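Q: Here it is: the structure, laid out below.
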Amino acid sequence: MAPALTPEIAARFAAIALGHVTQEYPNKPGHVLAGPEDARTPAALHPVFHGSYDWHSCVHAHWLLARVLRLFPEGVQAGAIRAHFDAQLTFEKVAGECAYFGQPTARGFERPYGWAWLLKLADELAHLDEPRWAEALAPLAGIVVQRIRDFLPLAAYPVRVGTHFNTAFALRLAADYAEGAGDAALRALLLQKAERWYGADEACPAWGEPGGDDFLSSALIEAECMRRLLPPERFGPWFDRFLPDLASGRPATLFRPAEVMDRSDGKIAHLDGLNLSRAWCFRALAAALPPEDPRRPLLIAAAEVHLAAGLPHVAGDYMGEHWLATFALLALEA
287 MAPALTPEIA ARFAAIALGH VTQEYPNKPG HVLAGPEDAR TPAALHPVFH GSYDWHSCVH
347 AHWLLARVLR LFPEGVQAGA IRAHFDAQLT FEKVAGECAY FGQPTARGFE RPYGWAWLLK
407 LADELAHLDE PRWAEALAPL AGIVVQRIRD FLPLAAYPVR VGTHFNTAFA LRLAADYAEG
467 AGDAALRALL LQKAERWYGA DEACPAWGEP GGDDFLSSAL IEAECMRRLL PPERFGPWFD
527 RFLPDLASGR PATLFRPAEV MDRSDGKIAH LDGLNLSRAW CFRALAAALP PEDPRRPLLI
587 AAAEVHLAAG LPHVAGDYMG EHWLATFALL ALEA
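Below, the structure is given as structure tokens:
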């Protein structure tokens, strides 16, 4: 039976996230010091998102909590999630995050991965029955939207790596925000950029996968980005061209789960995330295909193999534990 998200699994993931979203250390700041006065603690720099080892992981851990609360509003962890949001997602603390983004040295801070997750969080909060948290985060979301509007016209080329700089992943998450917010102009910009960057791609070899610190499949996340942004009648032909041998199980490298040799190494531990993010993409892409399409069962089976490789390692070592549950949740829900 295919793994699925249950209240018990969701509660476990939420407990993991609640255990680290306010854990300030260890911490890896993506911080530029313009002078000695900028040597400040993570909590002083980021009143909301100073836990979970780094800023972006803290943001998407909050998304996980919001998603679990939305799906299971009476769940085991619901009260703890609400209490945490009431403590952290306040206008005063978000103003501190906005002030950080206003510094000249922060122009490229968390671009594009953290930007995308911040918008994904904003979208999730907007769907909760309690609007105060979304209202508090709205000023920071507005700043990030403007950053994207300013940046995309300047970005002549996509970034295809399997790590935080991947542009297809950022477009994919930002599309959820644009749709949820009814921001047609932002969605049009995302689609325009996706078509320019990826529209002519074909016969993807996936020869560089996996890299030693990948947590995204550059091939599959590009396909998932285009699935999310293109109309179905246009995605189908594009997907056929992009991975023309998929029905034969090629490129074979996409179907073999990554092997993780040292989960205490933060970079190597990324590969557990690769297995989970591949499962997410495989499931989402399979769902977009007609039931009779021979690629559909192949993608579903690949998702299950990758989930089996990744799910047992969501917790255990902090190098993975501070972020992997987010990608497990994406995969189980896809």
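Under my numbering, the first residue of the sequence shown carries the number 287, and numbering increases by one thereafter. Just so it is clear, CB atoms sit at the ideal spot from N, CA and C, and this is done for glycine as well. Remember, predicted model here, so these are calculated numbers, not experimental data.
#1: Rounded to whole angstroms, what is the Cα-Cα separation between residue 502 and residue 308?
#2: Need the endpoints of the alpha helix (DSSP H) that residue 523 sits in, please.
#3: In angstroms, rounded to a whole number, what distance separates the CA positions of residue 477 and residue 416?
#4: Just to confirm, is the Cβ distance from residue 380 to residue 345 under 8 Å?
#5: What did DSSP end up calling residue 254 once you bin it into helix, strand or coil?
#6: Between the region 581 to 601 and the region 558 to 565, do three or more beta carbon pairs fall short of 8 Å?
#7: Can you tell which of 348, 539, 499 has the C-alpha that lies nearest to the C-alpha of residue 554?
#8: Return the chain-ordered list of same chain residues with a C-beta closer than 6 Å to the C-beta of residue 514, the five sequence neighbours on each side being excluded.
#9: Measure the C-alpha to C-alpha separation of residue 601 and residue 607 and round it to an integer number of angstroms.
#10: Does the distance from the C-beta atom of residue 315 to that of residue 358 stay below 8 Å?
#11: Closest to residue 526 by CA distance: which of 556, 445, 580 is it?
#12: On a CA-only basis, which of 556, 488, 451, 406 is nearest residue 496? Give me that one, please.
#13: Would you tell me roughly how many angstroms separate the C-alpha atoms of residue 609 and residue 549, rounded to the nearest one?
#14: Check whether the Cβ atoms of residue 535 and residue 541 sit closer than 8 Å, and answer yes or no.
#15: DSSP on residue 358, reduced to helix/strand/coil?
#16: Can the beta-carbon of residue 561 be found closer than 8 Å to that of residue 507?
#17: Could you give the distance in angstroms between the alpha-carbon of residue 403 and the alpha-carbon of residue 321?
#18: I'd like the span of the alpha helix (DSSP H) that includes residue 381, first residue to last.
#19: From which residue to which residue does the alpha helix (DSSP H) around residue 563 run?
#20: Assuming the contact rule is C-beta atoms closer than 8 Å, residue 510 and residue 570 should be a hit. Round their C-beta distance to whole Å, please.
#21: Taking the Cβ atom as the reference point for each residue, do residue 410 and residue 325 lie within a distance shorter than 8 Å?
#22: Ordered along the chain, which non-local residues of its own chain (more than five positions away) have a Cβ less than 6 Å from that of residue 456?
#23: What residue does the alpha helix (DSSP H) around residue 606 start on, and which one ends it?
#24: Nearest CA to the CA of residue 470: which residue from 435, 504, 533?
#25: Can you tell me the Cα-Cα spacing of residue 619 and residue 332, whole angstroms?
#26: Tell me whether the beta-carbon of residue 429 lies closer than 8 Å to the beta-carbon of residue 387.
#27: Using only CA atoms, which one of 493, 533, 480 lies nearest to residue 512?
#28: Within 10 angstroms of its Cβ, does residue 363 collect 16 or more other Cβ (buried), or is it exposed?
#29: Can you tell me the Cα-Cα spacing of residue 365 and residue 483, whole angstroms?
#30: Distance check for residue 552 and residue 299, CA to CA, integer angstroms please.
#31: Within the same chain, show all residues whose beta-carbon is closer than 6 Å to that of residue 418, passing over the 5 residues directly before and after it, in chain order.
A: Reading from the atomic positions:
#1: 26 Å
#2: 518 to 528
#3: 31 Å
#4: no
#5: Because the chain in this structure spans residues 287 to 620, residue 254 falls outside the shown range and cannot be described.
#6: yes
#7: 499
#8: 458, 461
#9: 5 Å
#10: no
#11: 580
#12: 556
#13: 13 Å
#14: yes
#15: coil
#16: no
#17: 29 Å
#18: 377 to 387
#19: 556 to 573
#20: 6 Å
#21: no
#22: 398, 402
#23: 604 to 607
#24: 435
#25: 30 Å
#26: yes
#27: 480
#28: buried
#29: 43 Å
#30: 20 Å
#31: none
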